[in-house]
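Novice:
In our numbering, the protein residues as written are 1 to 136.
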């Protein structure tokens, strides 16, 4: 801790096991003086959750890592978040501020059922199986 290594941690509510655990982790980072920022490759629902957390938690002050521009579709009616001038607005409205699209959810479910999980979880040592987070 004295050497301030690492400079920062990157995560999101999913990888930390939920909002409560993320809040505790960010609090520990703040106590240690280590930056934290979010990463998103999640659906619009997960991304809406982390955008609200970033807006609410003062310690998350660095720009986030985002794959928004790479997402062709989303499970929300609003579609993938779209940065404008390097900013993404925090969704407004009831709940997380996004609306589930049953049609898009069904399409994503079909894609997953037909093609399986993304290759980033493919384990070459175990063909036919996929890693799950956390990896340990």
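Beta carbons are placed, not taken as given, at the ideal position from N, Cα and C, and that holds for glycine.
Just to confirm the assignment: which complete alpha helix (DSSP H) runs, minimum length 4, are found wholly within the segment 22-62?
Specialist: List check, alpha helix (DSSP H) in window: 44-56.
Novice: On the criterion of 16 or more Cβ atoms from any shown chain inside 10 Å, does residue 82 qualify as buried, or is it exposed?
Specialist: Answer is exposed; the Cβ neighbour count stays below 16.
Novice: Suppose you measure from the CA of residue 63 to the CA of residue 123; what does that come to, to the nearest Å?
Specialist: Going by the C-alpha atoms only, they are around 31 Å apart.
Novice: So, are the CB atoms of residue 11 and residue 38 less than 9 Å apart?
Specialist: In contact: residue 11 and residue 38 (Cβ atoms closer than 9 Å).
Novice: Output the boundary residues of the alpha helix (DSSP H) element that contains residue 106.
Specialist: That run of the alpha helix (DSSP H) goes 102-115.
Novice: Any idea what DSSP makes of residue 69, helix, strand or coil?
Specialist: In the structure shown, residue 69 sits in a helix (DSSP, three-state: H, G or I).
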